[in-house]
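Protein chains in written order, with my numbering: chain U, 8 to 453; chain C, 714 to 1024. Glycine included, each C-beta is placed from N, C-alpha and C at the ideal position. These figures come from a predicted structure and were not determined experimentally.
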Ligand code: SF4
């Protein structure tokens, strides 16, 4: 990253012995600086220097694994502040919080909700990944609850500042649990507990300066599997800290802040679901790595999971939906067929409008290369042949007795060709904008 | 090493734009940092949206507003009172030639009545038919001369009429709509200024999408616009951003499906608010200087968010 060819060159013996496969030490160094060849290829650079270099060439933000096996997720590892610069690589996780102070019935209800709010959206499972368990008073009950969370397939976050309590609880938490965690008063003891359990250690402090000092202290104790608490008392501070910590890591090359963050939205807006949703949304965009809510019902999950899916998609690779025939508003085998492209945004906009119309219909999506309607058409991926072949191959005629096929208004030019290729269908030009679909469909139905 | 803040220093500054008049006037914009990271007192204004056609609004709005739902002036008053919003948007949807095709005169009368009923600044939204909106917003600008309202919004096909009438002849603010496209946003701002509209009288409506529905384009468009305005000091992009999320948020299935359609999803009103709050909040941190929602509870949540972040 920040290492220049010259920095590496200084560490070589400058003998140009060619053992690395490069004609000169300089050529080797230049290539190594870009990551094109591993430093190890030169046998004459000392171990010490290699270690120094690998520190310096490490990405600005560490990738921290949480959970294990099927629940394992990676946090952090980002190299940019904004998604248009380069892909954001690891999506944030969502958490809800339980406590040993809750009644068994409340815990069961919360667990049932976790199982219920669990669904697929464009090929991705949407569910809460982490469950924070906050210690109140009963260590045995607390440990049992942590164990239960792990057994439910969620990543436990053990929230206590008591190292003994954490130690007992982490024993049943499975690999990759999070201990939340270390403060200036318990750092050494907590590091021991986290090290022994190979757990991720959360770090909390009263100010961003104190947090930085504490992280350095913990790093000196030899532990670097950390997540940083942005603060639980003030929204202003939490937001500023989340932004400043990430900015320091990415722009300031401050390795002590190169860790994922934890945001306790449930503490910042206790009892206020809508404000928690607002905060969660803000932190999905601005550098929250684990976002903790009081609960996650569909009113929060549907928009927040959708937002997260959007923000963490690869900007170079538009999201696509699977080419197939989709059904809307419970069609009964006699309803019209609309056509659009497999670009997720186009699909969603059209799907939303068909749903809004409440008119039963089918939506045929051929493989159009993942482009928008006009781009796909211009690229030859959404022409009359593509559409006609799809209608035939997917045997759309057997799904519905209707022979109305509705084209996006933007590709009205295809109407004639398509009508020739699909003689049994009535090819209709639909509206230019999806927004006009509800009226269009209702008028057609009338 | 002790912590040292990595400052992102910017040379550019967002224009300050005042809307409304007298005690009720508010100003938006003015920041010289990314949202909420500076010390310049940046504050996002929160608006509440109403429409002169509410037939398709979710049932919850009937419960909230009762008979006022059919009377724009009464609805405007109730919406401001119930939401505590900083300003109000009236959508003159009935003007739509593909809908009710209400006359320009009738719609202007509605806008005038709404303006008289409230004590906060007004944004007047057309029906999204470029030709009709040109006539409509021109007349609105004339009828509300001196009230410093926002004409929402001029597009490529009608910016000349709306810009000339609103921004110049009758001294209103002109919002320029660019459908999530930074180049179009810039081009429209340049065209409007070349026409003679002062840049401080222009607000950008860069568009939105509901959360989960391609919002990444919105997020990146706003990031890029703000970075260009602040970092590269691009004057053609230094206008404040105004975003109406209400139509998108309340138009997706998560908000539209009734409890009957989707029993497992639970309360429909809560889902609509969740969608609206999520979308609005994401726009607020992205850089919207004025954010518009439909549900009074959404407005309250966003106001709390903004108050919380400013501290
Ligand atoms: S192996 Fe090392 S010393 Fe030999 S040429 Fe390559 S860089 Fe130089």
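(message) Can you tell me whether residue 19 of chain U is helix, strand or coil according to DSSP?
(response) Indexing the first chain from 1 puts residue 19 of chain U at position 12. Assigned with DSSP and collapsed to three states, residue 19 of chain U falls in coil, not helix or strand.
(message) Any beta carbon from chain C within less than 7 Å of residue 66 of chain U's own beta carbon?
(response) By 1-based counting over the first chain, the position of residue 66 of chain U is 59. So no, residue 66 of chain U is outside the interface.
(message) Against chain C, which members of the stretch 297-316 of chain U pass a CB distance test of less than 8 Å?
(response) Of all residues in the stretch 297-316 of chain U, those with a C-beta nearer than 8 Å to a C-beta of chain C are 304, 305, 306, 307, 309, 310, 311, 312, 313, 314, 316, reading in chain order.
(message) If we define contact as Cβ-Cβ less than 7 Å, is residue 288 of chain U a contact residue for chain C?
(response) What you label residue 288 of chain U is simply residue 281 of the first chain in a count that begins at 1. So, interface residue.
(message) Determine, for residue 658 of chain C, whether the minimum Cβ-Cβ distance to residues of chain U falls below 7 Å.
(response) Here chain C comprises residues numbered 714 to 1024, so residue 658 of chain C is not present and cannot be evaluated.
(message) Can you determine whether any heavy atom of the ligand SF4 sits closer than 6 Å to the C-beta of residue 193 of chain U, and answer yes or no?
(response) Here residue 193 of chain U corresponds to residue number 186 of the first chain, with the count starting at 1. At a threshold of 6 Å, residue 193 of chain U does not count as near the ligand SF4, since its beta carbon sits no closer than that to any of the ligand's heavy atoms.
(request) Using only the heavy atoms of the ligand SF4, determine whether one of them is closer than 6 Å to the beta carbon of residue 77 of chain U. (result) As a position in the first chain, residue 77 of chain U is number 70, starting the count at 1. Remark: the shortest separation between the CB of residue 77 of chain U and any heavy atom of the ligand SF4 does not fall under 6 Å.
(request) Give the residues of chain C in contact with residue 250 of chain U, contact being defined as C-beta atoms less than 7 Å apart. (result) Counted from its first residue, the first chain places residue 250 of chain U at position 243. Those within 7 Å of residue 250 of chain U in chain C are 750.
(message) Quick check on the DSSP output: the beta strand (DSSP E) that includes residue 800 of chain C runs from which residue to which?
(response) Here residue 800 of chain C refers to the residue found at position 87 of the second chain. 800-804 is the span of the beta strand (DSSP E), which, as asked, contains residue 800 of chain C.
(request) With DSSP collapsed to three states, give me the class of residue 213 of chain U. (result) For the purposes of this step, residue 213 of chain U is taken as the residue at position 206 of the first chain. It is coil, neither helix nor strand.
(request) Would you list the one or two residues that DSSP bridges to residue 956 of chain C? (result) If you number the second chain from 1, residue 956 of chain C lands on position 243. DSSP, once it has assigned bridges, lists C:1004 as partnering residue 956 of chain C.
(message) Check whether chain C comes within 7 Å of residue 7 of chain U, counting only Cβ atoms and requiring the distance to be less than that.
(response) Lying outside 8 to 453, the shown extent of chain U, residue 7 of chain U is not represented and no answer is given.
(request) Please classify residue 839 of chain C: is it buried, with 16 or more other beta-carbons within 10 angstroms of its beta-carbon, or exposed? (result) Counting from 1 along the second chain, the entry for residue 839 of chain C is found at position 126. When all chains shown are included, residue 839 of chain C counts as buried.
(request) State yes or no: is the beta carbon of residue 239 of chain U nearer than 7 Å to at least one beta carbon in chain D? (result) Among the chains of the structure shown, chain D does not appear; the protein chains present are U and C.
(request) Starting from the beta carbon of residue 356 of chain U, find every residue of chain C whose beta carbon is closer than 9 Å, and list them in chain order. (result) Within the first chain, residue 356 of chain U is the residue found at index 349, counting from 1. What residue 356 of chain U touches in chain C, judged by beta-carbon distance under 9 Å, is 922, 926, 927, going in chain order.
(request) Would you kindly check if the distance between the Cβ of residue 416 of chain U and the Cβ of residue 5 of chain U is under 7 Å? (result) It is not possible to answer for residue 5 of chain U, since the shown part of chain U is limited to 8 through 453.
(message) Is residue 273 of chain U close to the ligand SF4? I mean its beta-carbon at under 6 Å from any heavy atom of the ligand.
(response) Translated into the one-based positions of the first chain, residue 273 of chain U becomes position 266. No, Cβ of residue 273 of chain U sits at least 6 Å from all heavy atoms of the ligand SF4.
(message) Only counting the same chain, and skipping five residues up and downstream in sequence, which positions put a Cβ closer than 7 Å to that of residue 238 of chain U?
(response) Looking up residue 238 of chain U in the first chain gives position 231. For residue 238 of chain U, same chain residues with a beta-carbon under 7 Å away, outside a window of 5 residues either side, are 244, 245, 248 in chain order.
(message) Looking at the secondary structure, which residues open and close the beta strand (DSSP E) in which residue 335 of chain U lies?
(response) Along the first chain, one-based indexing puts residue 335 of chain U at 328. Per DSSP, the unbroken beta strand (DSSP E) holding residue 335 of chain U starts and ends at 332-335.
(message) Let me check one thing: in DSSP terms, what residues is residue 888 of chain C bridge-paired to?
(response) On the second chain, position 175 is the one that residue 888 of chain C refers to. C:865, C:916, per the DSSP bridge assignment.
(request) Output yes if chain U places a C-beta closer than 7 Å to the C-beta of residue 963 of chain C; else output no. (result) As a first step, residue 963 of chain C must be located in the second chain, where it is residue number 250. By this cut-off, residue 963 of chain C is not an interface position.
(message) For residue 164 of chain U, report the span of its beta strand (DSSP E) as first-last.
(response) Position 157 of the first chain holds residue 164 of chain U. For residue 164 of chain U, the enclosing beta strand (DSSP E) begins and ends at 162-166.
(message) Considering only heavy atoms of the ligand SF4, does any lie closer than 6 Å to the CB of residue 16 of chain U?
(response) Taking the first residue of the first chain as position 1, residue 16 of chain U is located at position 9. Checking every heavy atom of the ligand SF4 against the Cβ of residue 16 of chain U, none is found closer than 6 Å.
(request) Determine contact between the stretch 330-340 of chain U and the stretch 1007-1021 of chain C, defined as no fewer than three beta-carbon pairs at a distance below 8 Å. (result) Short answer: they don't touch.
(request) Could you confirm whether any beta carbon from chain U is found closer than 7 Å to the beta carbon of residue 1007 of chain C? (result) Counting from one through the second chain, the residue named residue 1007 of chain C turns up at place 294. No - not a single Cβ of chain U is within 7 Å of the one on residue 1007 of chain C.
(request) Sort U:374, U:154, U:62, U:144 by Cα distance to residue 260 of chain U and report the nearest one. (result) Translated into the one-based positions of the first chain, residue 260 of chain U becomes position 253. Among U:374, U:154, U:62, U:144, the Cα nearest to that of residue 260 of chain U is on U:62.
(request) Let me know the secondary structure DSSP gives residue 46 of chain U once reduced to three states. (result) Taking the first chain and counting its residues from 1, the one referred to as residue 46 of chain U is at position 39. Reduced to three states, the DSSP call for residue 46 of chain U is helix.
(message) Counting only beta-carbon separations shorter than 7 Å, does residue 944 of chain C have a partner in chain U?
(response) Here residue 944 of chain C corresponds to residue number 231 of the second chain, with the count starting at 1. By this cut-off, residue 944 of chain C is not an interface position.
(request) Report yes or no: do the stretch 966-976 of chain C and the stretch 740-760 of chain C share at least 3 C-beta pairs separated by less than 8 Å? (result) With contact defined as three or more Cβ pairs closer than 8 Å, the stretch 966-976 of chain C and the stretch 740-760 of chain C are not in contact.
(message) Taking the alpha carbon of residue 89 of chain U as the reference point, which residue from U:110, U:282, U:253 has its own alpha carbon closest?
(response) Here residue 89 of chain U refers to the residue found at position 82 of the first chain. Answer by Cα proximity: U:253.
(request) For residue 1017 of chain C, decide whether its Cβ has a neighbour in chain U, counting only Cβ atoms nearer than 7 Å. (result) The residue given as residue 1017 of chain C occupies position 304 in the second chain. Yes, residue 1017 of chain C lies at the interface with chain U (some Cβ there is under 7 Å from its Cβ).
(message) Could you give the first and the last residue of the continuous beta strand (DSSP E) run that contains residue 139 of chain U?
(response) Counted from its first residue, the first chain places residue 139 of chain U at position 132. Annotation for residue 139 of chain U: the continuous beta strand (DSSP E) segment containing it runs 137-141.
(request) Could you say which of U:276, U:172, U:192, U:355 lies nearest to residue 962 of chain C if we only look at CA atoms? (result) Reading the second chain from its first residue, position 249 is the one you call residue 962 of chain C. When only C-alpha atoms are compared, the closest one is U:355.
(request) Would you kindly check if the distance between the Cβ of residue 849 of chain C and the Cβ of residue 817 of chain C is under 7 Å? (result) Taking the second chain and counting its residues from 1, the one referred to as residue 817 of chain C is at position 104. Taking the second chain and counting its residues from 1, the one referred to as residue 849 of chain C is at position 136. Cβ distance < 7 Å, so residue 817 of chain C and residue 849 of chain C count as in contact.
(request) Look at the Cβ atom of residue 959 of chain C, then the Cβ atom of residue 918 of chain C, and state whether they are nearer than 7 Å. (result) By 1-based counting over the second chain, the position of residue 959 of chain C is 246. By 1-based counting over the second chain, the position of residue 918 of chain C is 205. Contact flag unset, no.
(message) Taking CB distances under 7 Å as the criterion, tell me whether residue 843 of chain C reaches chain U.
(response) By one-based count along the second chain, residue 843 of chain C stands at place 130. Output row for residue 843 of chain C: interface = no.
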